[in-house]
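Each protein sequence line maps, in turn, to chains A and B. Just so we're aligned: the first sequence equals residues 3 to 102 in my numbering. Just so we're aligned: the second sequence equals residues 3 to 102 in my numbering. Positions of the beta carbon are idealized from the N, C-alpha and C atoms, including for glycine. Model, not experiment: these values are computed from the prediction. Written below as C-alpha cells is the structure these notes are about.
2 protein chains.
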Amino acid sequence: MKKLIALYRKPDDVEAFLKHYNEVHLPLVARTPGLLRTVINRVTSAPMGGEPAYFMIAEMHFADQDSFDAAMKSPENRAAGKDLMGFARDIVTLLVADVD
Amino acid sequence: MKKLIALYRKPDDVEAFLKHYNEVHLPLVARTPGLLRTVINRVTSAPMGGEPAYFMIAEMHFADQDSFDAAMKSPENRAAGKDLMGFARDIVTLLVADVD
Numbered sequence: 003m004k005k006l007i008a009l010y011r012k013p014d015d016v017e018a019f020l021k022h023y024n025e026v027h028l029p030l031v032a033r034t035p036g037l038l039r040t041v042i043n044r045v046t047s048a049p050m051g052g053e054p055a056y057f058m059i060a061e062m063h064f065a066d067q068d069s070f071d072a073a074m075k076s077p078e079n080r081a082a083g084k085d086l087m088g089f090a091r092d093i094v095t096l097l098v099a100d101v102d
Numbered sequence: 003m004k005k006l007i008a009l010y011r012k013p014d015d016v017e018a019f020l021k022h023y024n025e026v027h028l029p030l031v032a033r034t035p036g037l038l039r040t041v042i043n044r045v046t047s048a049p050m051g052g053e054p055a056y057f058m059i060a061e062m063h064f065a066d067q068d069s070f071d072a073a074m075k076s077p078e079n080r081a082a083g084k085d086l087m088g089f090a091r092d093i094v095t096l097l098v099a100d101v102d
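What follows is the structure, given as C-alpha cells:
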C-alpha cells in the first residue's frame, strides 16, 4: 500500500482551520481517483513531554504505486493540493510512504 | 481507536538502526498487552521538496482509551520504551492520537 501523509502543526485559529478542513478540503480530497480511504489522527498528547509537535495527521491510502501515481496526476488531486497550499501551506508537511 | 505514533528522523546509520529496530525493538513492542497491530510506514519522498522530515513512522493501534492506558502502564511497554530511549532517543518523536 502507498500512503500520502499530511502532518499538520497546530494552526493559530483551530476552529477556522477545522471548518475549512472538514467543509472544503476533505470533500476535495474525497474526489481523488483511486483513494481507498482517508484516516484522520487527532493528536491528544506527547508522551515524551511538551506540546505535541503536530496537531493532526491525515493519511490518504492508495492500493499501490500505479494508483498513487495516477491519483497525484489527476485534476482532482491538483485541486485539493491547491486548496491545501491556500489554507495550510505554513503548517503542513507532506510525506509519501510505503506500507507492507 | 487510540494510536501511539512514533516519528523517526533519518538515523546516521540506517542499517544498524533497522537491525536493532527489527530484531530487538519490534519483538519487545509486540509483547505489549492490548496491542491490536503495528503499522510501519517507510517514507519514500517529500512531495513539497527537499529531504523528507522523517525516515519512518510507526503506528501502534489500541482499541480504546482504557486498553491504551493499561498498555502504557504495563512492564512490557516500559521495557519497549527503555529500549527505544537507548537506540533512538535523539531521532524519535512520540505522539498519541485518536482515530474515529
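DSSP three-state call for residue i: helix, strand or coil?
i: residue 44 of chain A; result: strand
i: residue 57 of chain A; result: coil
i: residue 65 of chain B; result: coil
i: residue 39 of chain B; result: strand
i: residue 4 of chain B; result: strand
i: residue 71 of chain A; result: helix
i: residue 85 of chain B; result: helix
My understanding is that residue i touches residue j, with C-beta atoms under 8 Å, so please give their C-beta distance in whole angstroms.
i: residue 34 of chain A; j: residue 69 of chain A; result: With a Cβ gap of about 10 Å, residue 34 of chain A and residue 69 of chain A do not count as contacting.
i: residue 62 of chain B; j: residue 40 of chain B; result: 5 Å
i: residue 48 of chain A; j: residue 97 of chain B; result: 6 Å
Measuring CA to CA, which of the options is closest to residue i?
i: residue 50 of chain A; options: B/13, B/21, B/102 and B/7; result: B/7
i: residue 91 of chain A; options: A/9, A/3, A/78 and A/32; result: A/9
i: residue 95 of chain A; options: B/53, B/98, B/3 and B/87; result: B/53
i: residue 17 of chain A; options: A/99, A/89, A/100 and A/97; result: A/89
i: residue 46 of chain A; options: A/12, A/3 and A/86; result: A/12
i: residue 37 of chain A; options: A/100, A/93 and A/72; result: A/72
i: residue 67 of chain B; options: B/102, B/19 and B/22; result: B/102
i: residue 31 of chain B; options: B/85, B/21 and B/20; result: B/85
i: residue 4 of chain A; options: A/87, A/64, A/20 and A/27; result: A/64
i: residue 100 of chain B; options: A/44, A/15, A/48 and A/93; result: A/44
i: residue 15 of chain B; options: B/28, B/93 and B/26; result: B/93
**Report entry** Contact list for the segment 4 to 36 of chain A against chain C, Cβ threshold 8 Å
**Finding:** The chain inventory of the structure shown lacks chain C, comprising the protein chains A and B.
Query raised in the report: If contact means a Cβ-Cβ distance below 9 Å, which residues of the segment 53 to 65 of chain B contact chain A?
Result: 54, 55, 56, 58, 59 and 61
Query raised in the report: How about the segment 40 to 58 of chain A and the segment 79 to 91 of chain A: do they share at least three Cβ pairs that are nearer than 8 Å?
Result: no
Query raised in the report: For the segment 77 to 95 of chain A, which residues have a beta carbon sitting closer than 7 Å to at least one beta carbon of chain B?
Result: Per Cβ criterion, the list reads 95.
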